[in-house]
Amino acid sequence: MAKNIYEKIWDAHLVLDEPGKEAVLYIDRHYVHEVTSPQAFEGLRLAERKVRRPERTFATMDHNIPTTDRSQPIRDEMSRLQVETLKKNCDEFGVACFDMKDRRNGIVHVIGPELGLTQPGFTIVCGDSHTSTHGAFGALAFGIGTSEVEHVLATQTLLQKKSKTMEVRVNGVLPNGITAKDVILAIIGKIGTAGGTGYVIEYTGDVIRALSMEGRMTVCNMTIEGGARAGLISPDEKTFEYLKGREYLNGTPHEKLVEQWKQFASDPGCKYDVLVELDAKDIEPQVTWGTSPGMVSGVSTKTPVLREIDDANTRLSTEKALQYMGLDEGVPLTAVTINKMFLGSCTNGRMEDLRAAAKVVRGYKVNPKIDQAIVVPGSHHVKEQAEQEGLDKVFKDAGFEWREAGCSMCLAMNDDRLDPGDRCASTSNRNFEGRQGKGGRTHLVSPAMAVAAAIKGHFVDIRDWQYN
Amino acid sequence: MQPFIKLTGVVAPLEALNVDTDQIIPKQFLKRIGRTGFDDALFFDWRFNADGSLNPDFEFNAPRYKGASILLAKDNFGCGSSREHAPWALLDYGILCILAPSFADIFYNNCFNNGMLPIRLPEATIEALFKEVRATVGYQLTIDLPNNKIVKPDGSSIAFELDAFKKECLLNGWDTVGLTLRHEDKIAAFEKARAIA
Ligand code: SF4
């Protein structure tokens, strides 16, 4: 019988499937970061348990670390303690840890693929909801809670119920100026923030096939914002090409790996429980106007008008969101002015994102009304590569700050954050109340849209941009 | 883990769609490395004013809901970040059961791993409960897990569904790591078959 990729990976990882119980699923790769792991390691210690497969576990520090001078110790005492605790735990339990000074350091979801740790057909988990990113490689990857982190550390397995599957097919050819970020925001706008709950999504269609691996990661990254825990893309030549020669694949001939990986591609004629279809020609550059990623619209449209909303709960939440965002009803999105900009995160902090943004920036300056515009590469490796290509100079010449890699203002656990009332064009994935700093207002956009807004001081339609 | 069998308690309403875990517990509290002591962090930005005083406009803060152990919530509760600090904060505050039309997946699972019971109910049932809770000061519900029902003050009851395995774990207060380790031989056999050294 024809199987989709989710069914194939599920079947290949079943350790035990007893009726009336949850299945015991084997986990190939476990990523760990400093925020969601200390209590899990502590749990192991209390129960006198070991990490079953330390060589399948990789840790990095990304959430708390400063994006400024790394030669200085972390000033915030609690952040420092958390980072040091991770290092100590990894040393004690024999887990590889890429600390702040390691050349492999970066945001967990950026470095996994970069190092070749993420591979097609794998099951991958991490105490982090954006683990869905790794689905771009045809891996079943999803976020788990800290108790589950402890479970995986101790047993290298996870208890799971099989999900239903949803095919999200994006047809056609992306118009100029439309990016992977716009595609996924449009998908969330269509299915809603809870639309994927209980499902695993497989993204298909010509648009997805045409996306680069980096674009595919952007799409899978925000799967969680549509409520689905995991989003996958069946592996193809692009996947294999991207992984070729990556650091942690050394030793196994590429052809042999490809042979293995290919088996996980969805079979022609396989079935899904639900189908959602979008057409590329209907997708505009997207801008979120509210406090949930589903509160999103094309840049040529306006903020909602309350009396046009029928459902009482939706009307109330829209009213609350507009109030928090400090926006009136029916305002054109291009009239919304910003005072801060953040380019980075595991959604849009990779090379392709920086290149696309730099192309927009060339020959322009950050608008004098902007208080801060920071560019934060997703990993140390991305930073190095960008500097080799001279992108750092392009940004700096235009008045952007060029930072060290990390999560930074995506969630503002370090010093990079919005002040109350700030309005930010951000390439990250969440526009929740206070996400980027208490009282801060976040508009999610693509990298090109973010830097263009920083240059003009308000949102603009990137399709009309004059490139230098 | 404490078994969850029967619970009678005050119900507190939370009037918001898509309550995300950033809202349940904001990032600054995620720097802690312990598993408890998060009660003051719960709904921090909503519950407290800038000067640290209680925000009287936040319904959850009303004296009539003090000591609540059941939370009445709306669609897609617990979406966003996977942080288990969210159920920890609810638990530390005293909330053991949450009623909502739907929950985000990761949050839903995290609750069970802390001996908490999230219950999905039809939207209309939830809306009716919101009305009843607001109409009666000290409104209490009894959650009867063995019989899969919620008993209302007037003695009538609402049935709910729950996965049989999750129910068994809650009733017994089982630690799933311990449960899985009983299958150590199966895990080892799986690794052997796949040549995982
Ligand atoms: S960049 Fe943002 S979303 Fe990604 S892992 Fe870091 S905090 Fe989470």
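If you read the protein sequences in the order shown, they are chains D and Y. Numbering of the first sequence is given in the working numbering, commencing with residue 11 and proceeding in unit increments. Numbering of the second sequence is given in the working numbering, commencing with residue 272 and proceeding in unit increments. Glycine residues also receive a C-beta, built at the ideal position from the N, C-alpha and C atoms.
- request: Measure the alpha-carbon distance for Gln270(D) versus Ser222(D) and round it to whole angstroms.
  value: Taking the first residue of the first sequence as position 1, residue 270(D) is located at position 260. Taking the first residue of the first sequence as position 1, residue 222(D) is located at position 212. Separation of Gln270(D) and Ser222(D) (C-alpha to C-alpha, rounded to the nearest whole angstrom) is 22 Å.
query: Is it the case that the CB of Leu353(D) approaches a heavy atom of the ligand SF4 more closely than 7 Å?
result: Reading the first sequence from its first residue, position 343 is the one you call residue 353(D). False, no ligand heavy atom lies under 7 Å from that Cβ.
- request: Check whether the Cβ of Ile117(D) lies closer than 7 Å to any heavy atom of the ligand GDP, and answer yes or no.
  value: Absent from the structure shown: the ligand GDP. Ligands present: the ligand SF4.
task: Flag this pair as yes or no: are the beta carbons of Arg431(D) and Gly449(D) separated by less than 8 Å?
output: For the purposes of this step, residue 431(D) is taken as residue 421 along the first sequence, with counting starting at 1. For the purposes of this step, residue 449(D) is taken as residue 439 along the first sequence, with counting starting at 1. It is Gly, not Arg, that sits at residue 431(D) in the sequence shown. Here Gly431(D) is near Gly449(D), since their CB atoms are less than 8 Å apart.
message: Assuming Thr447(Y) and Cys440(Y) are in contact, meaning their beta carbons sit under 8 Å apart, how far apart are those beta carbons, in whole angstroms?
response: Position 176 of the second sequence, counting from 1, holds the residue named residue 447(Y). Position 169 of the second sequence, counting from 1, holds the residue named residue 440(Y). Their Cβ separation, rounded to whole angstroms, is 7 Å, which keeps Thr447(Y) and Cys440(Y) in contact under 8 Å.
message: Any heavy atom of the ligand SF4 closer than 7 Å to the beta-carbon of Asp291(Y)?
response: Numbered from its first residue, the second sequence carries residue 291(Y) at position 20. Distance from the C-beta of Asp291(Y) to the nearest heavy atom of the ligand SF4 is not below 7 Å.
- prompt: Going along the chain, which unbroken runs of the alpha helix (DSSP H) with 4 or more residues stay wholly within the segment 303-391 of chain Y?
  reply: Those alpha helix (DSSP H) runs which fall completely within the segment 303-391 of chain Y and span 4+ residues are 315-318, 356-364, 376-383.
- prompt: Is Ala12(D) buried or exposed, if buried means 16 or more other CB atoms sit within 10 Å of its CB?
  reply: As a working mapping, residue 12(D) is identified with position 2 in the first sequence. Residue environment analysis places Ala12(D) among the exposed positions, since fewer than 16 neighbouring C-beta atoms fall within 10 angstroms of its C-beta.
task: Have a look at Thr328(D) and Thr292(Y) and give me their C-alpha separation to the nearest angstrom.
output: Residue numbering aside, residue 328(D) sits at position 318 when the first sequence is read from its first letter. Residue numbering aside, residue 292(Y) sits at position 21 when the second sequence is read from its first letter. Thr328(D) and Thr292(Y): Cα-Cα distance of roughly 19 Å.
- prompt: Does the Cβ of Thr165(D) have 16 or more other Cβ atoms within 10 Å, making it buried, or fewer, making it exposed?
  reply: If you number the first sequence from 1, residue 165(D) lands on position 155. The residue in question, Thr165(D), is buried, as its Cβ has 16 or more Cβ neighbours within 10 Å.
field: Nearest-angstrom Cα separation, counted from Gln333(D) out to Ser139(D)
entry: What you label residue 139(D) is simply residue 129 of the first sequence in a count that begins at 1. What you label residue 333(D) is simply residue 323 of the first sequence in a count that begins at 1. Straight through space, the alpha carbons of Gln333(D) and Ser139(D) are spaced by roughly 28 Å.
message: Tell me the residue span of the alpha helix (DSSP H) that contains Gly308(D).
response: Reading the first sequence from its first residue, position 298 is the one you call residue 308(D). Per DSSP, Gly308(D) lies in no alpha helix (DSSP H) segment; the continuous beta strand (DSSP E) that holds it begins and ends at 306-308.
query: Looking only at its own chain, which residues have a Cβ that is under 6 Å from the Cβ of Phe315(Y), when we skip the five neighbours before and after it?
result: For the purposes of this step, residue 315(Y) is taken as the residue at position 44 of the second sequence. Closer than 6 Å at the Cβ level, and outside the excluded window around Phe315(Y), lie Pro297.
- prompt: If we ignore side chains and look at the alpha-carbon of each, how far apart do Ile134(D) and Gly126(D) end up?
  reply: Here residue 134(D) refers to the residue found at position 124 of the first sequence. Here residue 126(D) refers to the residue found at position 116 of the first sequence. Taking the straight line from one Cα to the other gives about 13 Å.
message: Does the CB of Ala360(Y) have a neighbour CB from chain D at under 8 Å?
response: As a working mapping, residue 360(Y) is identified with position 89 in the second sequence. False, the Cβ-Cβ gap to chain D never drops below 8 Å.
- request: List the whole-angstrom C-beta distance separating Ala435(D) from Val455(D), where the pair is believed to meet the contact cut-off of C-beta under 8 Å.
  value: In the first sequence, the residue the question calls residue 435(D) occupies position 425. In the first sequence, the residue the question calls residue 455(D) occupies position 445. Contact annotation, Ala435(D) with Val455(D): C-beta distance approximately 6 Å; criterion of less than 8 Å satisfied.
message: Please determine whether the Cβ atom of Cys350(Y) lies at a distance below 7 Å from any heavy atom of the ligand SF4.
response: For the purposes of this step, residue 350(Y) is identified with residue 79 of the second sequence, where counting begins at 1. Outside the cutoff, so no.
query: How big is the Cα-Cα spacing for Glu355(Y) and Leu301(Y)?
result: In the second sequence, the residue the question calls residue 355(Y) occupies position 84. In the second sequence, the residue the question calls residue 301(Y) occupies position 30. If you take the alpha carbons of Glu355(Y) and Leu301(Y), they lie about 10 Å apart.
- prompt: What is the C-beta distance between Val45(D) and His73(D), in whole angstroms, given that I count them as a contact (C-beta under 8 Å)?
  reply: Locating residue 45(D) in the first sequence gives position 35, counting from the first residue. Locating residue 73(D) in the first sequence gives position 63, counting from the first residue. The Cβ separation is near 5 Å, so the contact holds.
- request: Tell me whether Lys171(D) sits in a helix, a strand or coil according to DSSP, three-state version.
  value: Taking the first sequence and counting its residues from 1, the one referred to as residue 171(D) is at position 161. Reduced to three states, the DSSP call for Lys171(D) is coil.
- request: Mind listing, in chain order, the continuous alpha helix (DSSP H) runs of no fewer than 4 residues lying wholly within the segment 424-465 of chain Y?
  value: Taking only runs of at least 4 residues, the alpha helix (DSSP H) segments lying wholly in the segment 424-465 of chain Y are 435-443, 447-452, 455-464.
- request: Give the DSSP bridge partners of Val455(D), in chain order.
  value: Translated into positions along the first sequence, residue 455(D) becomes position 445. Among the bridge pairs identified by DSSP, Val455(D) is matched with none.
query: Taking the DSSP output, what are the residues bridged to Val284(D)?
result: Your numbering for residue 284(D) matches position 274 in the first sequence. Listed as beta-bridge partners of Val284(D) by DSSP are Met176(D).
- prompt: How should Ile201(D) be labelled, buried or exposed, when 16 other C-beta atoms within 10 angstroms of its C-beta is the threshold for buried?
  reply: Start at 1 with the first residue of the first sequence, and residue 201(D) comes out as number 191. Looking at its Cβ environment, which holds 16 or more other Cβ atoms inside 10 Å, Ile201(D) is buried.
message: Is there a Cβ of chain Y sitting closer than 8 Å to that of Ala164(D), yes or no?
response: One-based indexing of the first sequence puts residue 164(D) at position 154. So yes, Ala164(D) belongs to the interface.
task: Compute the minimum distance between the beta carbon of Asn439(D) and the heavy atoms of the ligand SF4, and state whether it is under 7 Å.
output: By 1-based counting over the first sequence, the position of residue 439(D) is 429. Asn439(D) Cβ: within cutoff of the ligand SF4.
task: Taking only beta carbons into account, state which residues of the segment 330-354 of chain Y come closer than 8 Å to chain D, listed in chain order.
output: Legend: CB atoms of the segment 330-354 of chain Y lying less than 8 Å from CB atoms of chain D belong to residues Lys345, Asp346, Asn347, Cys350, Gly351, Ser352, Ser353, Arg354.
message: Any C-beta of chain Y within less than 7 Å: which residues of the segment 295-317 of chain D qualify?
response: Correct list: Ser302.
task: Could you pull the start and end residues of the beta strand (DSSP E) that His390(D) belongs to?
output: Position 380 of the first sequence holds residue 390(D). Not the beta strand (DSSP E): His390(D) falls in the alpha helix (DSSP H), residues 390-398.
- request: Output, in sequence order along the chain, the residues in the segment 368-399 of chain D whose CB is closer than 8 Å to any CB in chain Y.
  value: Taking 8 Å as the Cβ-Cβ cut-off against chain Y, none of the residues of the segment 368-399 of chain D qualify.
- prompt: According to DSSP, what are the bridge partners of Leu278(Y)?
  reply: Numbered from 1 along the second sequence, position 7 holds the residue referred to as residue 278(Y). DSSP lists Ile414(Y) as the bridge partner or partners of Leu278(Y).
- prompt: Nearest chain D C-beta to Leu370(Y) closer than 8 Å, yes or no?
  reply: Taking the first residue of the second sequence as position 1, residue 370(Y) is located at position 99. With 8 Å as the cut-off, Leu370(Y) does not count as an interface residue toward chain D.
task: Starting from the C-beta of Pro393(Y), find all residues in its chain whose C-beta is less than 8 Å away, skip the five residues before and the five after it, and write them out in chain order.
output: Taking the first residue of the second sequence as 1, we reach residue 393(Y) at position 122. Spatial neighbours of Pro393(Y) in its own chain (CB-CB distance under 8 Å, excluding positions within 5 residues in sequence) are listed in chain order as Pro372.
Beta-carbon spacing of Ile75(D), Gly416(D) below 8 Å: The residue labelled residue 75(D) in the question sits at position 65 within the first sequence. The residue labelled residue 416(D) in the question sits at position 406 within the first sequence. Yes. Within cutoff.
- prompt: What residue does the beta strand (DSSP E) around Phe300(Y) start on, and which one ends it?
  reply: Counted from its first residue, the second sequence places residue 300(Y) at position 29. That residue, Phe300(Y), is in no beta strand (DSSP E); it is neither H nor E in DSSP.
message: For Ser418(D), which residues in the same chain have their Cβ closer than 8 Å to its Cβ, ignoring the five residues on either side in sequence?
response: For the purposes of this step, residue 418(D) is taken as the residue at position 408 of the first sequence. So the qualifying residues of the chain are Thr77, Phe352, Gly354, Ser355, Ile384, Val386, Asn424, Asp426.
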